[in-house]
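Q: Below: one structure in structure tokens.
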Amino acid sequence: MKENPDFSVHEVANAFLCFPSEEKIPTLGNGHINDTFLATDKNTGTQIVLQRINTHVFSEPEKVVENHLTIYNHLTLQPSGLKLLQPIVSQLGEYLYKDIHGNAWRAVKYIPDTFAIESASSADIIYPAAKILGLYLRELSTLSAEKLYDTIPNFHNSILRTRAFSYAVKWGIPERIREAKKEIQWVREHQSIFIKITRLSLPFRAVHNDAKIGNILFDKNSGQACAVIDWDTTMRGSVLSDFGDMVRTISTTTAEDDPNLLAVHVDYHRFEALTSGWLDGVGSILTSVERENLLLGAHWLILEQAIRFLGDYLVGDKYYKIKYPDHNLVRAKNQLKLFQSLLEQETELKKLIL
Ligand code: GN1
Ligand code: MG
């Protein structure tokens, strides 16, 4: 059953909490896909995160909650002390709750005294943020990827994504296609990078697949990175895409939708700090093919993200939540600028990795 825009978050809070507060239940975070709320139990003060799973994107929400449980059970046994998203069962004893409108919901325990950010404005957080993303991968390295479902099949298959992009360029909204002519041309000139990725024999592992700065929680008191969140796409994939997503969101001071393109660039010193943090985090899990191609992972992910935003703009914003009409175009231009900056510094950046 597909999601329904009509829902009562209070009904859902009632399904997961014994005595939910009757006050307004606020939204939480800036996710592009799911709807997230923070509900409180008025007797105990316990706070839980309620999420309506976007079933246009995650067509089998059962797999999302099953993977979550598998990951949680695995990470609980690991030594690093990452704070974890503890799944919560509904009063019916299930991890997935279908509301009366047919929407799919799940809940996790809120990790108190933490905050999230959308861009790495302070240089101090780069090393710890990168390290925790690496640690997450290190701890997952002992979980067989076969134990996880593909919650979104072909998620980082950029050859298929290029096909979808070509379709959008052919059948999308004509005015938008005209408006984005320059960007479409630019993508076409650089998309051969995706072929390079498919030619590498990369090992499949359980990886995060959405390893961006917004998916890290920081402790309010110490300022330290303490949790990696949003495990919905943690499944089979490559560490290169996680490295790439990290570069995409931490090597620059700007958010992915900053329209000020002059400010969008990969900063050499940030790149240096994030690479060293991430490598310290992953430890010795990388194979030589992974290690040698990390920078290619950054090219891959940034260009892939650009075509996802641009393609969505061309077809009329069907996938990503937007805040204004050209939002996806602004995001795409931002990512293309970042990609260009990466290309310009390729030789110097490569020296930092090898
Ligand atoms: C989406 O929902 P959210 O914000 O965690 C997207 C990622 C993109 C990201 C761009 C399932 O993530 O792949 O990289 O936006 N998730 C899905 O910020 O498509
Ligand atoms: Mg996500």
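Take 1013 as the starting number for the sequence shown in this note's numbering and just add one per residue. The beta-carbon is built from N, C-alpha and C at its ideal position, and this holds for glycine as well. Predicted, not measured: the structure shown is a model, and the values here were computed from it.
1) Reducing DSSP to helix, strand and coil, say where F1070 ends up.
2) Would you identify the three-state DSSP class for E1356, choosing helix, strand or coil?
3) Compare the C-alpha of S1153 against each of H1080, N1305, F1216 and I1185 and name the closest.
4) Name the DSSP bridge partner or partners of D1053?
5) Given 7 Å as the limit, tell me if T1245 has its C-beta closer than that to any heavy atom belonging to ligand 2.
6) List the whole-angstrom C-beta distance separating A1027 from S1102, where the pair is believed to meet the contact cut-off of C-beta under 8 Å.
7) So, does the stretch 1102-1122 touch the stretch 1045-1064, judging by three or more C-beta pairs under 8 Å?
8) Whose CB is closer than 5 Å to a heavy atom of ligand 2? List the residues in chain order.
9) Rounding to the nearest angstrom, what Cα-Cα distance links F1283 and S1213 in this structure?
10) Is DSSP giving L1229 helix, strand or coil here?
11) Since D1324 contacts N1340 with CB under 8 Å, what's their CB separation in whole angstroms?
12) Should the stretch 1247-1257 be regarded as contacting the stretch 1217-1225, the criterion being three or more beta carbon pairs within less than 8 Å?
13) Can you say whether G1328 is buried or exposed, counting buried as having 16 or more other CB atoms within 10 angstroms of its CB?
14) Taking the alpha helix (DSSP H) that I1065 falls in, what are its first and last residues?
15) Determine the DSSP secondary structure at T1266, reduced to helix, strand or coil.
16) Could you round the C-beta distance between H1044 and Y1332 to whole angstroms and report it? I think they count as a contact, below 8 Å.
17) On a CA-only basis, which of Q1317, S1353, R1303 and A1025 is nearest I1365? Give me that one, please.
18) Comparing C-alpha positions only, which one of G1295, G1289, S1071 and N1055 sits nearest to N1046?
19) Any idea what DSSP makes of G1249, helix, strand or coil?
20) At a threshold of 7 Å, does Q1347 count as lining ligand 1 (C-beta to nearest heavy atom)?
21) Quick one: is V1276 buried, meaning 16 or more other Cβ sit within 10 Å of its Cβ, or exposed?
22) Quick one: using the 10 Å Cβ neighbour count with 16 as the cut-off for buried, is I1171 buried or exposed?
23) When the Cα atoms are used, what is the spatial distance from K1014 to T1067?
24) Between the alpha carbons of G1289 and Y1280, how many angstroms are there, rounded?
25) Could you spell out the range, first to last residue, of the alpha helix (DSSP H) harbouring A1142?
26) In the DSSP assignment, the alpha helix (DSSP H) including A1192 goes from what residue to what residue?
27) Count the other CB atoms, across all protein chains shown, that sit within 10 Å of the CB of T1264; report buried if there are 16 or more and exposed otherwise.
28) Compute every distance between the C-beta of E1072 and the non-hydrogen atoms of ligand 1, then say whether any falls below 7 Å.
29) Check whether the stretch 1191-1204 touches the stretch 1311-1320, taking contact to mean three or more Cβ pairs, one atom from each stretch, closer than 8 Å.
30) Relative to the alpha-carbon of Y1179, which residue among L1298, L1322 and L1355 has its alpha-carbon at the smallest distance?
31) Pairing CB atoms from the stretch 1124-1144 with CB atoms from the stretch 1219-1236, are three or more of them under 8 Å?
32) Any chance the CB of N1166 is under 7 Å from a heavy atom of ligand 1?
33) Hey, quick one: how far does the beta strand (DSSP E) through V1219 stretch, first residue to last?
34) For L1094, collect the residues of the same chain with a Cβ closer than 8 Å to its Cβ; drop the 5 residues on either side in sequence, then sort them by chain order.
A: By the coordinates alone:
1) coil
2) helix
3) F1216
4) P1032
5) Because some heavy atom of ligand 2 lies under 7 Å away, the Cβ of T1245 counts as near it: yes.
6) 5 Å
7) Contact holds between the stretch 1102-1122 and the stretch 1045-1064, because three or more Cβ pairs, one in each stretch, are under 8 Å apart.
8) D1222 and D1242
9) 25 Å
10) Correct three-state label for L1229: strand.
11) Between D1324 and N1340 the beta-carbon gap is near 5 Å, inside 8 Å, which marks them as a contact.
12) yes
13) exposed
14) Looking at the DSSP string, I1065 is not in any alpha helix (DSSP H); the run it does join, the beta strand (DSSP E), is Q1059 to I1065.
15) coil
16) 5 Å
17) Looking at Q1317, S1353, R1303 and A1025, the one whose alpha-carbon comes closest to that of I1365 is R1303.
18) S1071
19) strand
20) no
21) V1276 is buried by the Cβ-count criterion.
22) exposed
23) Residue placement at K1014 is flagged as unreliable, the pLDDT there being 47, under the threshold of 50; the coordinate-derived value follows with that caveat. C-alpha separation (whole angstroms): 6 Å.
24) Roughly 14 Å between the two C-alpha positions.
25) I1138 to L1152
26) It is not in any alpha helix (DSSP H) - A1192 carries neither H nor E in the DSSP assignment.
27) buried
28) no
29) yes
30) The shortest Cα separation from Y1179 among L1298, L1322 and L1355 belongs to L1322.
31) yes
32) no
33) Element bounds for V1219: R1217 to V1219.
34) L1087, I1144, L1147, Y1148, E1151, C1238, A1239 and V1240
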